[in-house]
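Notes for the one structure printed next.
In mature numbering (1 follows the signal peptide of the UniProt record, and there is no 0), the protein residues as written are -18 to -1, 1 to 184.
Here is the structure:
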């Protein structure tokens, strides 16, 4: 735990004055993969490999009110905006941008679900939503209890017990339509590409 906190402090410090760019680069998920910080520090990913065309694994994630939400069976297109931690500046930018995209597309209410996922506790997520005055058009789900989302999608950062930054689009039939897992933690995924895919599949 002490080592994880030290690494998280290092990440937050490294991002303090960074300019965050959107990338179209993508890397794989699962235990054979890794992610870099500032292109110099490497973290290993753990868990299963998830690819386009696979079914989204069945998982139970928690809302800020501790209600359980199943990842399968909603019958809607879903966009999972995968955050490393709400306590890091790049994730603040990523979450705010995603919330704005959800607000800008009210015509897709009931057709596309906008979902943020992180390994932060539900209480930390609730604080973040309030502090940043987010509209909640994009919901937040926590993977803090069993790290099930990280392990079953292959987005789990082993050294930190956090999630590697990514965006995953899931179809109405629960099949993966699109994945972008950024290879460098100081970069943002292309959320506009994800919403375009989602729109084409409602």
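For glycine and all other residues, C-beta sits at the position ideal for the given N, C-alpha and C. Just so you know, these numbers come straight off a predicted model, no measurement behind them.
Cβ-Cβ distance between residue i and residue j below 8 Å
i, j, result
"residue 59", "residue 153", "yes"
"residue 124", "residue 100", "yes"
"residue 162", "residue 172", "yes"
"residue 13", "residue 28", "yes"
"residue 169", "residue 3", "yes"
"residue 68", "residue 106", "yes"
"residue 96", "residue 41", "no"
Identified DSSP bridge partners for residue i
i, result
"residue 62", "97 and 150"
"residue 158", "152"
"residue 173", "Residue 173 pairs with nothing; no bridge assigned."
"residue 163", "148"
Distance, residue j Cα to residue i Cα
i, j, result
"residue 34", "residue 158", "5 Å"
"residue 136", "residue 176", "19 Å"
"residue 94", "residue 180", "7 Å"
"residue 138", "residue 144", "6 Å"
"residue 71", "residue 46", "21 Å"
"residue 184", "residue 38", "17 Å"
"residue 7", "residue 31", "18 Å"
"residue 156", "residue 114", "31 Å"
"residue 79", "residue 98", "11 Å"
"residue 57", "residue 92", "10 Å"
"residue 140", "residue 15", "11 Å"
"residue 88", "residue 103", "28 Å"
"residue 165", "residue 64", "13 Å"
"residue 43", "residue 10", "23 Å"
"residue 129", "residue 160", "22 Å"
"residue 84", "residue 133", "27 Å"
"residue 148", "residue 36", "16 Å"
"residue 48", "residue 77", "20 Å"
"residue 26", "residue 54", "27 Å"
"residue 50", "residue 20", "35 Å"
"residue -8", "residue 182", "Any reading at residue -8 must be qualified, since the residue scores a pLDDT of 46, below 50, and its modelled position is unreliable; no value is offered."
"residue 5", "residue 23", "19 Å"
Assumed close pair residue i, residue j - CB separation to whole angstroms, cut-off 8 Å
i, j, result
"residue 150", "residue 62", "4 Å"
"residue 167", "residue 18", "7 Å"
"residue 81", "residue 120", "5 Å"
"residue 127", "residue 111", "19 Å between Cβ atoms; not a contact."
Distance cut-off 7 Å: residue i Cβ against heavy atoms of the ligand FAD
i, result
"residue 117", "Ligands in the displayed structure: none, and consequently the ligand FAD is not present."
* **Any beta strand (DSSP E) of 3 or more consecutive residues that is wholly inside the stretch 12 to 92** => The stretch 12 to 92 contains these whole beta strand (DSSP E) runs: 16 to 19, 23 to 28, 42 to 44, 50 to 52 and 59 to 64.
* **Ranges of the alpha helix (DSSP H) found wholly within the stretch 98 to 151, counting only runs of at least 4** => Considered as a whole, the stretch 98 to 151 harbours 104 to 113 and 130 to 135 as its complete alpha helix (DSSP H) runs of no fewer than 4 residues, in chain order.
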